[in-house]
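Chemist: I'd like to ask some things about the structure below.
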Ligand SMILES: Cc1cc2nc3c(=O)[nH]c(=O)nc-3n(C[C@H](O)[C@H](O)[C@H](O)COP(=O)(O)OP(=O)(O)OC[C@H]3O[C@@H](n4cnc5c(N)ncnc54)[C@H](O)[C@@H]3O)c2cc1C
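Numbering (this note's numbering), first residue to last: 56 to 434.
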């Protein structure tokens with residue numbers, strides 16, 4: 056699918072090889088040069104419609120971009136949020152908000168790379184978030200805490216989900232939540248940013264909101280309807296991160312099958328042994344199946360059709376396929392799999408994230424059990 060697009064992204068990624076990604080991983084630094092290049096070539100603003108200065112591509116195209124990025128050995132998580140946060144603004148933002156921000160996002164002048172939903176006391180139960188935005192005249196004043204909010208130091212704008220009506224005062228627990236476009240450049244000390252050290256190079260933070268003021272015109276859509284808006288962003292996120300997992304899986308399969316053909320032990324290539332061959336073949340089949348599901352999810356999402364089941368299922372299938380591929384590659388490389396020089400251990404750590412985030416796979420099983428198969432709700 057979309058072969059020219061794939062080839063253009065591959066060409067860019069070839070300039071950022073294993074050595075580059077190992078260095079930023081070791082230094083825990085931000086891959087500035089890579090993100091700059093992706094921005095300048097227009098890939099990070101690819102979803103911005105033509106009327107606002109972008110190429111107006113769809114989620115299916117963005118999926119292919121992120122898949123190729125991860126397949127090359129790169130790590131999309133430094134910048135992928137610009138693509139999935141975009142759908143909240145594109146689908147629910149006002150014309151004025153789009154005019155103000157989209158052209159500058161398309162040109163690379165502004166980055167929209169932060170998405171603030173998760174909270175320490177709510178976890179996967181999003182409707183329990185307690186960060187509160189109180190309307191005071193022409194602005195909202197925000198107090199509360201978020202956790203694992205990534206790329207804040209590398210973004211100008213952030214999509215924020217907050218309560219605007221307390222949970223015990225709404226009819227449905229999904230009511231009373233609102234979405235805001237926060238200008239991080241103007242936030243100053245009203246947002247405390249505390250970096251969280253993780254096992255991967257993923258700049259993520261705890262945020263403390265202490266009287267952050269957001270002008271009313273930066274609320275996206277209607278007050279109290281934010282849960283619905285954020286779900287469209289979350290479906291895009293699931294499809295796009297599934298694509299990263301598909302890319303990761305193919306990275307492991309590409310490298311491990313090549314290595315299995317070359318590494319000779321007991322006078323024959325290790326890949327001649329079915330114990331080495333079969334796990335890689337199985338991971339490949341699972342990856343192709345996940346990609347087919349991802350394609351269905353992306354085309355439904357782009358057509359504006361309900362895509363919740365497919366978005367969730369493709370995220371599950373792709374992250375599990377990548378994790379199988381990661382383990383099969385580790386086994387194929389033997390001791391060298393653990394040696395940083397070969398890149399497998401870095402990707403292994405990076406691929407593990409997707410079983411947990413942006414939604415843990417248990418929650419996807421619950422969603423499918425309840426929403427798709429009609430069984431009783433467990434949460
Ligand atoms: C590196 C990193 C970056 C992230 N970036 C962002 C970001 O930019 N923005 C953002 O908003 N969030 C971000 N997150 C947060 C991420 O989305 C959450 O960690 C994830 O949704 C899981 O929430 P939790 O960690 O609170 O786990 P919990 O909700 O505490 O769950 C813990 C475990 O319990 C299981 N569990 C909970 N309830 C049930 C149930 N009813 N049935 C079965 N199992 C259950 C879960 O499956 C999980 O295995 C990031 C996380 C990480 C690690």
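By construction, the Cβ of each residue, glycine as well, lies at the ideal position given by its N, Cα and C atoms. The model shown is predicted, which means the values in this text are computed figures rather than measured ones.
1. Identify which residue in 65, 117, 97, 88 has its Cα closest to the Cα of residue 292.
2. Starting from the Cα of residue 277, find the closest Cα among 148, 267, 100 and give me that residue.
3. Below 8 angstroms on the Cβ atoms is my guess for residue 167 versus residue 210; work out the distance and round it to an integer in Å.
4. Does at least one heavy atom of ligand 1 sit under 7 angstroms from the Cβ of residue 250?
5. With H, G and I counted as helix, E and B as strand and the rest as coil, what does DSSP make of residue 130?
6. According to the Cβ coordinates, are residue 186 and residue 200 closer than 8 angstroms?
7. Evaluate the contact criterion for the region 408-416 versus the region 318-337: three or more CB pairs, one atom per stretch, below 8 angstroms.
8. Can you list, in chain order, the residues of its chain whose CB lies under 6 angstroms from that of residue 141, leaving out five sequence neighbours each side?
9. Taking the straight line between their C-alpha atoms, what separation do you get for residue 120 and residue 245?
10. Report yes if the C-beta of residue 434 is less than 7 angstroms from at least one heavy atom of ligand 1; otherwise report no.
11. Give every residue of the same chain whose Cβ lies closer than 6 angstroms to the Cβ of residue 381, excluding the five residues on either side of it in the sequence, and list them in chain order.
12. In or out: residue 172 buried (at least 16 other Cβ within 10 Å) or exposed?
13. Should residue 430 go down as buried or exposed, given a rule of 16 or more other Cβ atoms within 10 Å for buried?
14. Report the start-end ranges of each beta strand (DSSP E) in the region 127-198 that is 3 residues or longer and not cut off at the edges.
15. According to DSSP, simplified to helix, strand and coil, what is residue 238?
16. Any heavy atom of ligand 1 closer than 7 angstroms to the Cβ of residue 104?
17. Quick one: measure Cβ to Cβ for residue 247 and residue 267, integer angstroms, because I've assumed they're closer than 8 angstroms.
18. Is residue 419 closer than 8 angstroms to residue 370 when the C-beta atoms are compared?
Modeler: Short version:
1. By one-based count along the chain shown, residue 292 stands at place 237. Comparing Cα positions, the closest option is 117.
2. Here residue 277 refers to the residue found at position 222 when the chain shown is read from its first residue. Ranking the options by Cα distance to residue 277, first place goes to 148.
3. Here residue 167 is taken as the residue at index 112 of the chain shown, counted from 1. Here residue 210 is taken as the residue at index 155 of the chain shown, counted from 1. Correct: roughly 7 angstroms between the Cβ atoms.
4. One-based indexing of the chain shown puts residue 250 at position 195. No, Cβ of residue 250 sits at least 7 angstroms from all heavy atoms of ligand 1.
5. Residue 130 sits at position 75 when you count from the first residue of the chain shown. Here residue 130 sits in coil by DSSP.
6. Here the question's residue 186 lines up with position 131 in the chain shown. Here the question's residue 200 lines up with position 145 in the chain shown. A contact, by the Cβ cut-off of 8 angstroms.
7. no
8. Here residue 141 refers to the residue found at position 86 of the chain shown. Excluding sequence neighbours, residue 141 sits near 102.
9. Within the chain shown, the letter at position 65 stands for residue 120. Within the chain shown, the letter at position 190 stands for residue 245. The alpha-carbon atoms of residue 120 and residue 245 are separated by roughly 35 angstroms.
10. Counted from its first residue, the chain shown places residue 434 at position 379. Checking every heavy atom of ligand 1 against the Cβ of residue 434, one is found closer than 7 angstroms.
11. Taking the first residue of the chain shown as position 1, residue 381 is located at position 326. Same-chain partners within the cutoff: 307, 403, 406.
12. The count along the chain shown starts at 1 and reaches residue 172 at position 117. Counting Cβ neighbours within 10 Å, residue 172 comes out buried, since at least 16 surround it.
13. Locating residue 430 in the chain shown gives position 375, counting from the first residue. Residue 430 is classed as exposed because its beta carbon has fewer than 16 other beta carbons within 10 Å across all chains shown.
14. Correct list: 167-171, 187-191.
15. Within the chain shown, residue 238 is the residue found at index 183, counting from 1. Reduced to three states, the DSSP call for residue 238 is strand.
16. By one-based count along the chain shown, residue 104 stands at place 49. Incorrect: residue 104 has no Cβ contact closer than 7 angstroms to ligand 1.
17. The residue given as residue 247 occupies position 192 in the chain shown. The residue given as residue 267 occupies position 212 in the chain shown. Contact doesn't hold; Cβ gap of about 10 angstroms is too wide.
18. Position 315 of the chain shown, counting from 1, holds the residue named residue 370. Position 364 of the chain shown, counting from 1, holds the residue named residue 419. Contact: yes.
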